[in-house]
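> The opening residue of the sequence shown carries number 35 in our numbering; numbering runs sequentially from there.
Even for Gly, the Cβ is constructed at its ideal location relative to N, Cα and C.
Pasting in a structure now, in structure tokens, and then I'll have a few things to ask.
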Amino acid sequence: MNVNSVFKFLVLSASITCAGVCAYGAAPARVYDVEFIECAKCPYRMRVSDDGKKAYINLSRIDAARKDAMKKRAERFLDLAGSVKSANPMTPLMGWSSWNTFGAEISEGVIVETARAMATNGLKEAGYVYVNLDDGFFDGRYPDGRLRIHARRFPEGLKGTVDTIHALGMKAGIYSDAGTNTCASFGGEKGGKGAGLWGHDAEDCKLFFNELEFDFFKVDYCGGYQQKLVERDRFTEISKAIKATGRDVHYNICRWAFPGAWAADVSHSWRTSGDIRADWEVVKFIVTNSLYLASYAKPGRFNDLDMLEAGMLKGKVKSAFGKTDPGLTREEELSHFGMWCIMTSPLVLGCDVRNMDAESLKLVTNPYLLKMNQDPLALQAYVAAREGETYLLVKDAFERYGKSRWVALYNADDIEKEFTIKARDLDLGGRIAAFDLVERADIGEFEGEVTVRVRPHSSKFYLFDASSRLERTRYEAEGSFLAEYDNLGGRCQVGRIVPKWYDVEGASGGIVVANLGGNDKNHLTWKDVHVSRPGRYVLTLRVRSDKESVFNIHVDKSKAETVVVPASAKPEFKDVAVAFDLTKGSHEISIYNFKAILPEIDCLTVTPCR
Ligand code: GLA
35 MNVNSVFKFL VLSASITCAG VCAYGAAPAR VYDVEFIECA KCPYRMRVSD DGKKAYINLS
95 RIDAARKDAM KKRAERFLDL AGSVKSANPM TPLMGWSSWN TFGAEISEGV IVETARAMAT
155 NGLKEAGYVY VNLDDGFFDG RYPDGRLRIH ARRFPEGLKG TVDTIHALGM KAGIYSDAGT
215 NTCASFGGEK GGKGAGLWGH DAEDCKLFFN ELEFDFFKVD YCGGYQQKLV ERDRFTEISK
275 AIKATGRDVH YNICRWAFPG AWAADVSHSW RTSGDIRADW EVVKFIVTNS LYLASYAKPG
335 RFNDLDMLEA GMLKGKVKSA FGKTDPGLTR EEELSHFGMW CIMTSPLVLG CDVRNMDAES
395 LKLVTNPYLL KMNQDPLALQ AYVAAREGET YLLVKDAFER YGKSRWVALY NADDIEKEFT
455 IKARDLDLGG RIAAFDLVER ADIGEFEGEV TVRVRPHSSK FYLFDASSRL ERTRYEAEGS
515 FLAEYDNLGG RCQVGRIVPK WYDVEGASGG IVVANLGGND KNHLTWKDVH VSRPGRYVLT
575 LRVRSDKESV FNIHVDKSKA ETVVVPASAK PEFKDVAVAF DLTKGSHEIS IYNFKAILPE
635 IDCLTVTPCR
């Protein structure tokens with residue numbers, strides 16, 4: 035590292051802001067107002083006011099020659115401070131759900147008050163338009179099989195609730211189970227017994243979507259699990275019943291683990307873990323569980339990291355689940371919300387939004403974090419670098435392979451970390467301007483690398499604008515598309531080979547993928563190996579094995595080469611290389627062996643032949 039060539043800065047701790055040091059914007063703001071200020075002590079070069087209407091450029095931190103360029107940049111960030119397109123089916127769903135705060139104890143009053151609060155406190159305007167009823171609204175079935183609605187909680191039935199939500203310009207969501215009994219019924223909620231979809235798909239979907247006109251459907255699996263139903267078959271049947279109603283319904287699979295790549299063919303989002311709690315350890319577990327699932331998401335199809343616990347702060351938690359919700363610190367709340375944003379998860383609030391903490395409200399309506407979540411490319415960020423429990427994640431912003439990228443530095447560790455972000459890991463080159471999404475400010479520029487200090491359990495979220503985009507050369511196996519991967523733990527799939535990843539010392543990114551091959555389905559594919567110039571490229575696979583193995587590398591399902599990995603006395607890392615002609619653009623590179631298990635795969639590097 036050439037320290038001299040590097041512009042080093044340490045990001046100031048979140049508590050230090052310009053407020054109080056110098057006066058930022060007490061004057062009434064007009065739309066798209068850019069003002070130049072002189073403030074030697076202000077840490078920012080440019081800052082957008084909290085209402086998103088005014089930007090301040092700090093002349094003591096920029097060259098006079100760059101005034102015009104900075105003004106354009108400020109205008110760009112003022113533009114970006116606008117609201118996201120609401121209920122865009124191609125980007126993650128945004129809304130609220132009753133479960134985290136109320137459990138099964140919901141009512142027409144609570145739901146309607148919540149919808150009204152969202153319509154007036156800025157949440158709806160920020161894009162949170164779905165109001166979802168979770169478990170607790172039913173009371174078994176009538177003798178003829180029709181669903182009975184809980185008379186104390188919804189004395190007028192559900193139609194009035196849905197109509198009120200719609201009249202507010204919002205959307206309404208409903209819940210059921212793939213089996214006979216809903217999850218709450220296992221915890222003593224009698225009304226959920228027999229209320230699940232099993233044996234009632236068509237009639238319940240008709241009721242929910244044609245008669246009551248709900249717009250969202252979460253389908254849980256407690257009953258399905260108990261009845262040992264096969265996930266893929268059951269959730270596919272339900273998707274057919276929803277389609278048969280002719281309504282455009284967002285269908286969410288709730289199987290508490292990544293269910294498999296098939297979920298994207300039948301649903302719009304699928305849970306990747308068990309239930310979230312307002313507890314840092316649970317939030318951290320969910321993030322860890324979902325870090326390498328980016329390749330299964332695509333526009334309109336998303337990994338669901340579960341409902342949000344933002345607003346559930348230590349000492350102030352209002353939840354249905356007592357001590358299992360100890361609450362989050364401010365920094366944990368930021369990491370949690372920001373990571374849901376960059377990992378392109380649905381954003382479904384779970385706190386009591388009728389009287390939401392002002393700082394939490396500001397966080398979840400932060401227009402830049404929301405733009406990162408709702409970016410039209412709808413990409414989930416992938417892990418670009420890792421040091422222990424500190425991760426650097428990145429995804430393109432606005433344009434594929436462009437010069438702007440959303441970046442997160444997530445510190446899951448219990449100690450403060452100093453992390454050197456290398457521009458090469460982000461495939462960015464030249465000078466890079468860093469906009470801090472939480473501070474709403476330009477914090478500086480760097481070239482090559484920059485060292486950032488990040489507090490325990492805290493995170494930084496940026497938009498990086500670079501002067502050039504570099505070709506990606508390294509593709510991790512843990513970030514690839516594993517056609518047969520799921521996290522269901524082998525239930526109902528006896529004899530199937532399921533790939534798995536695990537930590538191995540010396541592995542690139544710290545992880546290898548094992549259990550690939552053995553049949554024609556169980557392959558690994560890097561779906562987006564992109565080259566900007568046509569030509570001959572060397573594809574080097576880093577594998578780990580002791581036995582000799584032979585397998586195929588395919589490019590775009592057409593060209594193939596066979597590679598041979600030699601045997602060794604003990605399992606060790608080995609490089610095997612093949613060359614292919616690649617056209618300009620994106621390519622799919624797959625690894626197959628229809629008969630034998632492949633060696634453990636670490637990563638692929640793609641470099642032009644010289
Ligand atoms: C399961 C789900 C939760 C919630 C409850 C309702 O635990 O994972 O999100 O829907 O059921 O009973």
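How many angstroms separate the CA atom of L426 from the CA atom of G233?
Approximately 46 angstroms between the Cα atoms of the pair.
> Over what stretch of residues does the beta strand (DSSP E) that includes T454 continue unbroken?
Its beta strand (DSSP E) spans residues 451-456.
> Do Y444 and the ligand GLA come close, with the Cβ less than 7 angstroms from some heavy atom?
No, the beta carbon of Y444 sits no closer than 7 angstroms to any heavy atom of the ligand GLA.
> Assess contact between the region 102-110 and the region 392-406, defined as three or more Cβ pairs (one per stretch) separated by less than 8 angstroms. Is contact present?
Segments in contact, no.
> Residues in the same chain with beta-carbon distance under 8 angstroms from I91, minus the five sequence neighbours each way, listed in chain order, please.
Hits under 8 angstroms: V68, E69, F70, I71, R79, M80, K101, M104, K105, A108.
> Measure the C-alpha to C-alpha separation of T455 and V486 and round it to an integer number of angstroms.
Note that residue 455 is Ile in the sequence shown here, rather than Thr. Straight-line Cα distance between these residues: approximately 7 angstroms.
> Counting C-beta neighbours from all protein chains within 10 Å, is the total for Y536 16 or more, i.e. buried, or is it exposed?
Exposed is the call here.
> Between W232 and the ligand GLA, is the CB less than 7 angstroms from at least one heavy atom?
No, the beta carbon of W232 sits no closer than 7 angstroms to any heavy atom of the ligand GLA.
> Given this structure, state the Cα-to-Cα distance separating L157 from V382, to the nearest angstrom.
Those two C-alpha atoms are separated by around 11 angstroms.
> So what's R64 in DSSP terms, helix, strand or just coil?
Note that R64 has pLDDT 45, beneath the 50 cutoff, so the model's placement of it is unreliable and no number is given.
> Leaving aside the five residues before and after I449 along the sequence, list all residues of the same chain whose C-beta is less than 8 angstroms from its C-beta, in chain order.
Counting only Cβ-Cβ distances below 8 angstroms, and skipping sequence neighbours, we find P490.
> Taking the alpha-carbon positions, what's the D476 to M390 distance?
About 29 angstroms.
> Report, in whole angstroms, the separation of the C-beta atoms of F188 and E142, which I expect to be a contact under 8 angstroms.
About 5 angstroms separates the two Cβ atoms, so the contact holds.
> Determine whether the beta carbon atoms of V428 and R439 lie at a separation below 8 angstroms.
Yes, these two residues count as a Cβ contact at 8 angstroms.
> Is D340 near H284, with beta carbons less than 8 angstroms apart?
Going by C-beta atoms, D340 is not nearer than 8 angstroms to H284.
> E634 and R578 - do their beta-carbons sit closer together than 8 angstroms?
In contact: R578 and E634 (Cβ atoms closer than 8 angstroms).
> For the region 318-334 and the region 369-382, state whether three or more C-beta atom pairs, one from each stretch, are separated by less than 8 angstroms.
Yes, the region 318-334 is in contact with the region 369-382.
> Note down, in chain order, each residue of its chain lying with its Cβ closer than 8 angstroms to the Cβ of C643, except the 5 sequence neighbours on either side.
Within the same chain, C643 has close Cβ partners G569, R570, Y571, V572, A613.
> Would you mind stating whether A212 and G258 have Cβ atoms separated by less than 8 angstroms?
It is a contact, given that the beta carbons lie within the stated cut-off.
> For A99, which of helix, strand or coil comes out of DSSP?
Helix at A99.
> What would DSSP say about F645, mapped onto helix, strand or coil?
In the structure as shown, the chain starts at 35 and stops at 644, and residue 645 therefore has no counterpart that could be examined.
> Could you tell me the distance, in whole angstroms, from the CA atom of G194 to the CA atom of M204?
Approximately 14 angstroms, taken between the alpha carbons.
> Helix, strand or coil for C637? Go by DSSP, reduced to three states.
In this structure, C637 counts as strand in the three-state DSSP scheme.
> Between the alpha carbons of P605 and H557, how many angstroms are there, rounded?
If I take the Cα positions, the gap works out to 21 angstroms.
> Which residues mark the beginning and the end of the beta strand (DSSP E) in which L497 is found?
That run of the beta strand (DSSP E) goes 493-503.
> Please tell me whether, using a cut-off of 7 angstroms, the distance from the CB of W304 to the nearest non-hydrogen atom of the ligand GLA is below it.
W304: no, Cβ never under 7 angstroms from the ligand GLA.
> Using 10 angstroms around the beta-carbon of F628, count the other beta-carbons present and answer buried if the total reaches 16, otherwise exposed.
Result: exposed.
> Skipping 5 residues on each side, what residues in its chain have a beta carbon closer than 6 angstroms to that of L325?
For L325, where only same-chain residues beyond five positions count, the Cβ hits under 6 angstroms are V417.
> Throw me the rounded Cβ distance for the S117 and G161 pair, which I believe falls under 8 angstroms.
Going by Cβ atoms, the distance from S117 to G161 rounds to 6 angstroms, so yes, they are a contact pair.
> Taking 7 angstroms as the cut-off, is the beta-carbon of D254 closer than that to any non-hydrogen atom of the ligand GLA?
Result yes, Cβ under 7 angstroms from the ligand GLA.
> Verify the contact flag: W374, CB atom, against every heavy atom of the ligand GLA, threshold strictly below 7 angstroms.
W374: no, Cβ never under 7 angstroms from the ligand GLA.
> Can you say whether N244 is buried or exposed, counting buried as having 16 or more other CB atoms within 10 angstroms of its CB?
The residue in question, N244, is exposed, as its Cβ has fewer than 16 Cβ neighbours within 10 Å.
> Looking at the ligand GLA, does it come within less than 7 angstroms of A218, judged from the CB to the closest heavy atom?
Correct: A218 has its Cβ closer than 7 angstroms to the ligand GLA.
> CA-CA distance, A331 and T559?
Each residue's Cα considered, the two are about 14 angstroms apart.
> Hey, I199 and A149: beta-carbon distance below 8 angstroms or not?
Taking 8 angstroms as the Cβ cut-off, I199 and A149 qualify as a contacting pair.
> State whether the region 278-292 contacts the region 468-475, with contact taken as three or more CB pairs (one from each stretch) at a distance under 8 angstroms.
No, they do not touch.
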